[in-house]
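Quick notes on the structure that follows.
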Amino acid sequence: MSSSTSGDRVLVAVAEEGADVGVDVERVPPALFAGFDDYALHPTERADLGPAGERPGARLGRWVAKEALLKAAGLGLRTPPHTILLPPQAPEHAAPRRHAAIDPAHWRRPLEAPSPELAGIAVTPLPASPGYRCAIAARTPARLEAVASIAGATRSATVDAVKWRRRVSAELTGNAPTCSGGRDPHDPKDSLWQARTT
């Protein structure tokens, strides 16, 4: 299981036991902090994205992809993100509008990565509400299945991991009522969605 919060969004991914998975969601700020490019972007990515301060959404898209990769590898931010080079996302594989539209063609692997733990892990952007970027990484790229969504989560909300695991497990096995509150689990406007690879 991997989770991430930003603004009023919570992103949770679950996978089979022993599978490596990582997610990240971030709200796109009006401007990124000074030094963001040096910290988060590989020199090749900096050149591709143009002058610092421009295109904050595209820059943050690279960041969430790298953080998801590092979570899936179990490394966290011990590996400097600027040492990872991701290939540009092909226009035909830009973040799909619906979770169900994600297939193996959307996934990409790092072109350069300093740590052997990152070998074989792939990442893909996920549909996001306007003003947000999110990504999921896994060792085995697969089609994603949206399981549930919950609206109204906030950054200050306390999330009990054991409680979430029980709830997600019950939903995956069909032993729990839906928690979507009547919302479409494929709607990226919902605050929380849980995904699993199939």
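Following my numbering, the numbering of the sequence shown begins with -19 at its first residue and continues without gaps. Positions of the beta carbon are idealized from the N, C-alpha and C atoms, including for glycine.
- Two segments are said to touch when three or more pairs of C-beta atoms, one from each, lie closer than 8 Å; by this definition the region 94 to 106 touches the region 49 to 69.
- When DSSP states are grouped into helix, strand and coil, THR120 belongs to the coil group.
- A residue is called buried once 16 or more other Cβ atoms fall within 10 Å of its Cβ, and LEU40 is buried on that count.
- Checking the DSSP bridge columns, you'll see PRO105 partnered with ALA115.
- In this chain, the beta strand (DSSP E) harbouring VAL1 covers 1 to 7.
- Per DSSP, reduced to three states, the secondary structure at THR(-15) is strand.
- Of GLU(-4), ASP0 and ALA45, the smallest CA-CA separation from ALA20 is found for ALA45.
- Two segments are said to touch when three or more pairs of C-beta atoms, one from each, lie closer than 8 Å; by this definition the region 15 to 32 does not touch the region -11 to 7.
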